[in-house]
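In our numbering, the protein residues as written are 488 to 700. Glycine included, each C-beta is placed from N, C-alpha and C at the ideal position. Predicted, not measured: the structure shown is a model, and the values here were computed from it. Taking it in order: structure first as structure tokens, then the write-up.
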Amino acid sequence: MDEKRIPTLILRILFNLVDEMMGHHSLVMLLRQAGLEQYNNALPPLDESPSITVPEYSCLLAHIYEIFGARGAKPLFLRGGRIAAAELRKHHPTRFAVAGTALKLLPTTKRMQIVLEQLCKEGEEIYGTPHHLEEKDSYFDLVMTSCPYCAEIMRQAVATGRPVIRPVCHIPVAVVDEMMQWATGEPHAVEEVECIALGAEACRFRVSKQAAP
Ligand SMILES: [Zn+2]
488 MDEKRIPTLI
498 LRILFNLVDE
508 MMGHHSLVML
518 LRQAGLEQYN
528 NALPPLDESP
538 SITVPEYSCL
548 LAHIYEIFGA
558 RGAKPLFLRG
568 GRIAAAELRK
578 HHPTRFAVAG
588 TALKLLPTTK
598 RMQIVLEQLC
608 KEGEEIYGTP
618 HHLEEKDSYF
628 DLVMTSCPYC
638 AEIMRQAVAT
648 GRPVIRPVCH
658 IPVAVVDEMM
668 QWATGEPHAV
678 EEVECIALGA
688 EACRFRVSKQ
698 AAP
């Protein structure tokens, strides 16, 4: 199997946000610590050309977590995930367009299921790791048994003896949240209920079938 590489636009979105929310000096520091100085004076393009490998991406996220702390990293990851979801959908009108037209005719729960299954497929394509969907009466669980978002954050936590105390995979939470809003026209609560970084066997993202009030 060939090595998976992260679409460049994901880096561009994250770097832009660090620059905007934390200041240019923080971006320079992040790029230096993550060994990505090639982007210092030329931010990567907003396209899907292949960039860094999946392990390198995990390291980049861990550097963001390390530099800005759990509290600083969270809003950055959440905003990044939302922007990335919308941007990736824009780049693949056909993948979601068919669903988009047919979607309007379907009950909300069915719409959610179709889009979540598509997200699992895309996730497997981008990261090469297993994603699957489980359905219960009142929610769906999107389950990742190997998770690029927290893999390195967890390793760092063990290495430094500073344990992770809350789930850290905010990017997929935001991606699912944005896609549910798009697919149903209403917000649906999305929460990471189990995280590998907290000792769970999988990262588990729970999506309420009921629209949030
Ligand atoms: Zn995770």
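Closer than 7 Å: cysteine 690 CB and nearest ligand 1 heavy atom:
yes
Pop quiz: glutamate 679 and cysteine 656 are said to be a contact at Cβ under 8 Å. What is the actual Cβ separation, rounded to whole angstroms?
5 Å
When you compare each of Phe502, Pro617 and Tyr526 to glutamate 688 by their alpha carbons, which one comes out closest?
Pro617
Quick check: what's the CA-CA separation for phenylalanine 627 versus phenylalanine 692?
8 Å
Which residues DSSP lists as bridging aspartate 628, in chain order
Glu621 and Arg693
Hey, quick one: how far does the alpha helix (DSSP H) through valine 680 stretch, first residue to last?
Note, valine 680: premise wrong, no alpha helix (DSSP H); beta strand (DSSP E) at 675-681.
3-residue-minimum beta strand (DSSP E) runs that sit fully inside the segment 488-523, ordered along the chain:
492-494
Residues near glutamine 600 by beta carbon distance below 8 Å, same chain, minus five either side
Leu620, Glu622 and Phe627
Alpha carbon to alpha carbon, what distance is there between alanine 646 and leucine 575?
Their backbone Cα atoms lie some 34 Å apart in a straight line.
Which value, in whole angstroms, describes the spacing of the CA atoms of arginine 566 and alanine 676?
16 Å
Measuring CB to CB, does isoleucine 683 end up less than 8 Å from cysteine 634?
yes
Which residue from Ala699, Met508, Thr540 and Leu533 puts its Cα closest to that of isoleucine 497?
Leu533
Answer yes or no: do isoleucine 640 and valine 630 have a C-beta to C-beta separation smaller than 8 Å?
no
Mind checking whether the beta-carbon of alanine 684 lies closer than 7 Å to any heavy atom of ligand 1?
yes
With 8 Å as the threshold, decide whether the Cβ of glycine 615 is near any Cβ in chain B.
Among the chains in the structure shown there is no chain B, since it carries only a single protein chain.
Report all residues from its chain with a CB closer than 6 Å to the CB of methionine 488; omit the five preceding and five following residues, and keep chain order.
With a pLDDT of 49 at methionine 488, under the threshold of 50, the modelled position of that residue is not reliable, and no figure is offered here.
Give me, in chain order, the residues of the same chain whose beta-carbon lies closer than 8 Å to that of leucine 514; leave out the 5 immediate sequence neighbours on both sides.
Phe502, Val505 and Asp506
Please report the residue range of the beta strand (DSSP E) in which proline 537 lies.
Per DSSP, proline 537 belongs to the beta strand (DSSP E) from 537-540.
Beta-carbon separation (whole angstroms), methionine 453 vs phenylalanine 564, contact threshold 8 Å
With the chain covering 488 to 700 only, the question about residue 453 has no answer from this structure.
Would the C-beta of tyrosine 636 count as close to ligand 1, meaning under 7 Å from any of its heavy atoms?
Short note on tyrosine 636: C-beta closer than 7 Å to some heavy atom of ligand 1.
Let's test the definition: count the other Cβ atoms within 10 Å of the Cβ of serine 538 and tell me whether it reaches 16, buried, or not, exposed.
buried
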